[in-house]
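Residue numbers (our numbering), protein chains in the order written: chain F, 1 to 256; chain C, 257 to 512. Don't be surprised by glycine CBs; every beta carbon is placed ideally from N, CA and C.
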DNA sequence: AAAATTGGTTTCACAATATGAAACATAGAA
DNA sequence: TTCTATGTTTCATATTGTGAAACCAATTTT
């Protein structure tokens, strides 16, 4: 058994918040059923959330919904993530130059966490990425870009700790194949994701080192395959590498 | 006394989260001191937050920080706010046409809550608005734009329930003056904020009705006074009213 | 219209759970 | 070394959260 929450209610409270966020609007019975909570307990948790201003109850339907107080908190958190402040102008520039949506991630264990994105204007199809959401390193462009710059043992550790699943028919699930791919990434200076993570989406990614010289960040341009044939990839590569150079320089200089 | 939290720890948990968000990184002692919590209690709360993945402890310094899990939750919440999906393209268009930052708010009691913003690219000076943060109705462009379209009694109720303070020398703190201003807004179709809320910032705002025909939303273009003389305001007015018409139409049609 | 069902709200006796004083551990400063 | 400042763990205690059951108010069914 993997140790329990030092505060029982805390788990319940966040479960409720999470469910409110997920559903947008939900009734007491559905909620308590979904979470396996006693009706009264669920009610008390909701009352508490309302008391604190994180939830509200719809007058008409009696259903419960989240307020935007969490969103405010989230934005406070983001405003403190100073890497974002530094790289955003570059990401914008890259988006303008290419017309495609740009993502920026930070490594966290065997995952990458989205910490910024700049969406393309023209782009009809929107990527479903969300700031704060995660993507595994082993099957994403940004992930491969980062792992490629790590020591062999670390790459292997990440592979072994990851739960390898075929998300699409193109997902690499064999370690030796993965290693070959990494070698390619090192040669080119950027990584490609050919629908390995989500069908219909290709992306070009490049990693960045932090102040300590450790691989920590990566960014990517992603677009539907229809706009990402080999010629286009070749064309975009230049922009990506250029942006990478600029950002790396500024990140290093910022807090030497 | 105004009734207490049905779950005591809940308050403490969110106080801690809020403080983590605010400070970015904080030690146990500072935290417990700041919140008036017992050292052990603070420690337990933090342990619980870490257990759930909402906080982490810096290996090197021992200090505690928020993770991005809350941010993910916040974005889930925002993705459910469908008004945003509808109006964003219009806000973008407005930003592109004017080159100025555009805000979109929803009324909540005597406040307006920011639910979307599109920042101008060129803009050197960044507004400090945050999605989810609040601004009083009585002293903001968006607020006046909304109140102007309400019944007299509702306007008065809002005024009386608001805590009127002079945020700047230009803030209107007299009700009869406020009413005159509202009359002007009705005539023009848009509201102006001449540094009434923040010195150095002017904005043009316009309100929108929801599906039920109730005044519920508003949007604004804001910019530093240096770029907002009377000529410029006159020039921008057209864009604002145009955007307002388009959005109102689409909001009404969406779920008739 | 009466009865039954459904969802939200309140009460209350009980014990599980959060509490905080105090002791402990560790690292850096004097 | 000793002192001081932080973070961590223990443990006896009662405060706090718990959930069964009763309650209320709309709907829906009969």
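| message | Which residues does DSSP list as the beta-bridge partners of residue 272(C)? | response | Residue 272(C) pairs with nothing; no bridge assigned.
| Proximal residues of chain C, C-beta to C-beta of residue 107(F) below 7 Å | None at all; the shortest Cβ gap to chain C is about 12 Å.
| query | Is it right to say residue 14(F) is buried, meaning 16 or more other beta carbons lie within 10 angstroms of its own, or is it exposed? | reply | Residue burial is scored here from C-beta neighbours: residue 14(F) has at least 16 other C-beta atoms within 10 angstroms and is therefore classed as buried.
| query | Considering only the beta carbon of each residue, do residue 368(C) and residue 362(C) sit closer than 8 Å? | reply | For residue 368(C) and residue 362(C), yes; Cβs fall inside 8 Å.
| query | Does residue 495(C) get closer than 8 Å to chain F when you measure Cβ to Cβ? | reply | Chain F, which has no Cβ nearer than 8 Å to the Cβ of residue 495(C), makes this no.
| request: Can you check DSSP and say which residues form a bridge with residue 463(C)? | output: DSSP, once it has assigned bridges, lists 474(C) as partnering residue 463(C).
| Using a beta-carbon distance below 8 Å, is residue 292(C) in contact with chain F? | No, residue 292(C) does not count as interfacial toward chain F.
| request: Consider the Cβ of residue 455(C): report whether some Cβ of chain F lies at a distance smaller than 8 Å. | output: False, the Cβ-Cβ gap to chain F never drops below 8 Å.
| In whole angstroms, what separates the C-alpha of residue 161(F) from that of residue 171(F)? | Between the alpha carbons of residue 161(F) and residue 171(F) lies a distance of about 17 Å.
| query | Are any of the Cβ atoms in chain C nearer than 8 Å to that of residue 80(F)? | reply | Interface residue (Cβ-Cβ distance to chain C less than 8 Å): residue 80(F) is classified as such.
| In chain C, which residues lie less than 7 Å from residue 247(F) when you measure between Cβ atoms? | In chain order: nothing, as chain C lies at least about 18 Å away.
| field | Contacts of residue 16(F) in chain C (Cβ-Cβ under 9 Å) | value | What residue 16(F) touches in chain C: nothing, since even the nearest Cβ is about 10 Å away.
| Checking contacts by CB at 8 Å: is residue 409(C) closer than that to chain F? | Closer than 8 Å to the CB of residue 409(C) there is not a single CB belonging to chain F.
| task | Count the other CB atoms, across all protein chains shown, that sit within 10 Å of the CB of residue 515(C); report buried if there are 16 or more and exposed otherwise. | result | In the structure as shown, chain C starts at 257 and stops at 512, and residue 515(C) therefore has no counterpart that could be examined.
| request: Tell me, please, whether the CB atom of residue 303(C) is closer than 8 Å to any CB atom in chain F? | output: Taking Cβ atoms only, chain F reaches closer than 8 Å to residue 303(C), which makes this a yes.
| Do the CB positions of residue 347(C) and residue 475(C) come within less than 8 Å of each other? | Taking 8 Å as the cut-off, the Cβ atoms of residue 347(C) and residue 475(C) count as close.
| query | Within the 8 Å Cβ cut-off, does residue 402(C) reach chain F? | reply | By this cut-off, residue 402(C) is not an interface position.
| In terms of alpha-carbon separation, which member of 504(C), 448(C), 464(C), 470(C) lies closest to residue 488(C)? | Nearest to residue 488(C) by alpha-carbon distance, out of 504(C), 448(C), 464(C), 470(C), is 448(C).
| message | Relative to the C-alpha of residue 314(C), which candidate in 283(C), 288(C), 266(C), 457(C) has its C-alpha closest? | response | Ranking the options by Cα distance to residue 314(C), first place goes to 283(C).
| Hey, how far is the Cα of residue 138(F) from the Cα of residue 103(F)? | Spanning the two alpha carbons is a distance of roughly 17 Å.
| task | Using three-state DSSP, classify residue 116(F) as helix, strand or coil. | result | When secondary structure is reduced to three states using DSSP, residue 116(F) falls in the strand class.
| field | Entirely enclosed alpha helix (DSSP H) segments - the segment 305-374 of chain C, minimum 4 residues | value | You should have 325-336, 338-354.
| Bridge partners of residue 254(C), per DSSP? | Outside the shown range of chain C, which is 257 to 512, sits residue 254(C), and nothing can be said about it.
| field | chain C contacts made by the segment 20-31 of chain F, where a contact means CB separation under 9 Å | value | Of all residues in the segment 20-31 of chain F, 20, 21, 22, 23, 24, 25 have a Cβ within less than 9 Å of some Cβ in chain C.
| request: Can you give me the Cβ contacts of residue 392(C) inside the same chain, cut-off strictly under 7 Å, excluding the 5 residues immediately before and after it? | output: Counting only Cβ-Cβ distances below 7 Å, and skipping sequence neighbours, we find 366, 367, 399, 418.
| said: Per DSSP, what are the beta-bridge partners of residue 480(C) in this structure? | reply: Residue 480(C) pairs with 457(C).
| request: Can you grab the Cα-Cα spacing for the pair residue 290(C) / residue 438(C), in whole Å? | output: Using only the alpha carbons, I get a separation of about 43 Å.
| If you follow the alpha helix (DSSP H) that residue 7(F) is part of, which residue opens it and which one closes it? | For residue 7(F), there is no enclosing alpha helix (DSSP H), as DSSP gives it neither H nor E.
| field | Proximity below 8 Å, CB of residue 206(F) to CB of residue 165(F) | value | Taking 8 Å as the Cβ cut-off, residue 206(F) and residue 165(F) do not qualify as a contacting pair.
| field | Cutoff 8 Å: residue 130(F) Cβ touching any chain C Cβ | value | Yes - at least one Cβ of chain C is within 8 Å of the one on residue 130(F).
| query | So what does DSSP say about residue 390(C), is it helix, strand or coil? | reply | Reduced to three states, the DSSP call for residue 390(C) is strand.
| field | Separation of residue 63(F) from residue 36(F), as counted between CA atoms | value | Looking at the backbone, the Cα of residue 36(F) and that of residue 63(F) are separated by about 18 Å.
| request: On a CA-only basis, which of 482(C), 339(C), 374(C) is nearest residue 349(C)? Give me that one, please. | output: Each of 482(C), 339(C), 374(C) was checked against the Cα of residue 349(C), and the nearest Cα belongs to 374(C).
| said: For residue 247(F) and residue 77(F), what's the separation of their Cα atoms in angstroms? | reply: The alpha-carbon of residue 247(F) is positioned some 22 Å away from that of residue 77(F).
| With DSSP run on the structure shown, which of helix, strand or coil describes residue 381(C)? | Confidence at residue 381(C) is low in this model, with a pLDDT of 45, below 50, so its placement is unreliable and no value can be given for it.
| task | Check each candidate in 325(C), 335(C), 309(C) and name the one with the smallest Cα separation from residue 132(F). | result | Residue nearest to residue 132(F) within the set 325(C), 335(C), 309(C) is 325(C) (criterion: CA-CA distance).
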